[in-house]
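Everything below concerns the one structure shown next.
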Amino acid sequence: MKDIFFLLFIALGAAVASATAASTQINCLSWRLAVETNNIRDWKTVPPQCKSYVSEYMTGQQYRDDCNAVVDAAIEYAKTLNVSKDGKDLWVFNIDETTLSNVPYYARPTVGFGATKPNVLKFESWIKEGKSPAVPGALRLYQTLLGLGIETDIYNGHKRRI
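Using this note's numbering, the first residue of the sequence shown is number 16, and each one after it goes up by one.
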């Protein structure tokens, strides 16, 4: 069964990649699936015709539901850990799009939910504003981990420590 799914993802990725290159007719759900499963790689922007699809997904209930489903799975996993309480066990949170959401940045008209070419300087400026909200469920995961006695740390991937 795994082989069938693997072949399906390969076929889907090839079909969507071909559609991306050869046509403006893109099924945005298929494009998103192919990106999320890494069958489309090194993409630079969201296809223009998928801008509204990505906008609706990122600002809609499905995104929140997806985030909470991942948090629920992480909490269930954390409950299975045998934490030694010696300070050597650590759960590391990544800031960008794992703990803090950049959806308000991507919603800006100049960014267009990734349909325009990325501007690193403008993104860094957004980060410095310090207005990123928490990803849905991230605080619940953090609080649950602390309640389980699991130490946490935050990694930001930027040049400066937060």
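C-beta: ideal position from N, C-alpha, C; glycine also.
These figures come from a predicted structure and were not determined experimentally.
- One thing to note: T60 has its Cβ no nearer than 8 Å to the Cβ of A122.
- Within the same chain, Cβ atoms closer than 7 Å to the Cβ of N109 are found at Y170 and G172, the five residues on either side in sequence being excluded.
- For I169, the uninterrupted beta strand (DSSP E) run begins and ends at E166 to Y170, by DSSP.
- Take V118, set aside five residues on each side of it, and the residues of its chain with a beta-carbon closer than 6 Å to its own are M73, in chain order.
- Here DSSP, grouped into helix, strand and coil, assigns D87 to helix.
- The straight-line gap separating the alpha-carbon atoms of G162 and N97 is approximately 14 Å.
- Excluding five sequence positions before and after R79, the CB atoms of its chain that fall closer than 7 Å to its own CB belong to P151, given in chain order.
- The beta-bridge partner set that DSSP reports for F108 consists of I169.
- Under the criterion of beta carbons closer than 8 Å, G164 and K103 do not qualify as touching, at roughly 13 Å.
- Counting only residues of its own chain and dropping the five nearest sequence neighbours on each side, C43 has a CB closer than 8 Å to the CB of P62, Q64, C65, Y68 and V69.
- Under the three-state reduction of DSSP output, A93 falls in the helix class.
- Its chain contains A93, L160, I165, E166, T167 and D168 as the residues whose beta carbon lies nearer than 8 Å to that of W106, once the 5 sequence neighbours on both sides are disregarded; these appear in chain order.
- In the displayed model, L163 falls within coil according to three-state DSSP, outside both helix and strand.
- For the pair A88 and Q77, the Cα-to-Cα distance works out to about 16 Å.
- For T52, no alpha helix (DSSP H) run applies, since DSSP gives it neither H nor E.
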